[in-house]
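Novice:
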Amino acid sequence: ESSAREYAEWHNEALRRQLHMEREGRNSDGFRLALGAMGQNEALQAERQMRSNLEAQLRSLDSRLTYSATQQQRQALELQMMTRCYAESEVEMEERLRVEVQRQQDMAKEGHQRALDYLRGQCEQKVREARQ
749 ESSAREYAEW HNEALRRQLH MEREGRNSDG FRLALGAMGQ NEALQAERQM RSNLEAQLRS
809 LDSRLTYSAT QQQRQALELQ MMTRCYAESE VEMEERLRVE VQRQQDMAKE GHQRALDYLR
869 GQCEQKVREA RQ
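First residue of the sequence shown? That's 749 in our numbering, and the numbers climb one at a time after it.
Here it is, written out as structure tokens:
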């Protein structure tokens with residue numbers, strides 16, 4: 749009986765050790781899984797942060813692109829307005845030049861006509877005097 753009892757105690761102790769080792773193994777496995785999950789969470793958090801940073805950069809670049817496009821469009825409109833103003837000024841200056849040239853031609857024509865009238869009068873007077 750004592751040997752059966754000793755065997756039962758030994759067997760009981762062996763089962764306790766096996767149970768303890770299995771618990772330790774599960775705890776160890778659980779700890780490793782927890783560490784792995786924590787690492788995955790950290791990796792996911794780092795990926796989320798990187799994605800967030802990239803999205804912020806993309807929004808910034810998009811904003812700058814929109815600003816540049818708006819600036820370019822505004823400058824193109826300003827250039828178009830300047831070109832139109834230049835063309836209108838050029839047409840107006842040409843019209844003024846034509847008017848001034850015509851005015852000066854008219855004045856010169858009147859001056860020439862007076863000179864011709866004077867010379868004609870002088871010639872006619874000399875012809876009358878010569879006939880008398």
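Note that beta-carbon positions come from the ideal geometry of N, C-alpha and C, so glycine has one too. Everything numeric in this text was worked out from a predicted model, so none of it was measured.
Starting from Gln823 and walking both ways along the alpha helix (DSSP H), at which residues does that stretch end?
Specialist: Run containing Gln823: Ser750 to Arg879, per the alpha helix (DSSP H) assignment.
Novice: In whole angstroms, what is the alpha-carbon distance linking Gln797 and Ser837?
Specialist: Taking the straight line from one Cα to the other gives about 59 angstroms.
Novice: Note down the Cα distance separating Leu813 from Gln820, rounded to an integer number of angstroms.
Specialist: Rounded to the nearest angstrom, the two C-alpha atoms are 10 angstroms apart.
Novice: Whole angstroms are fine: how far does the CA of Tyr834 sit from the CA of Glu843?
Specialist: For Glu843 and Tyr834, the distance between alpha carbons rounds to 14 angstroms.
Novice: How long is the line joining the alpha carbons of Arg799 and Ser776, rounded to whole angstroms?
Specialist: Cα-Cα distance, rounded: 34 angstroms.
Novice: Alpha carbon to alpha carbon, what distance is there between Met855 and Arg846?
Specialist: Their Cα atoms are separated by approximately 14 angstroms.
Novice: Who are the Cβ neighbours of Val849 in its own chain at under 7 angstroms, not counting the five residues just before and after it?
Specialist: Excluding sequence neighbours, Val849 sits near nothing in its chain.
Novice: From Asn760 to Arg780, what does the alpha carbon distance come to, in whole angstroms?
Specialist: Cα to Cα, Asn760 sits roughly 30 angstroms from Arg780.
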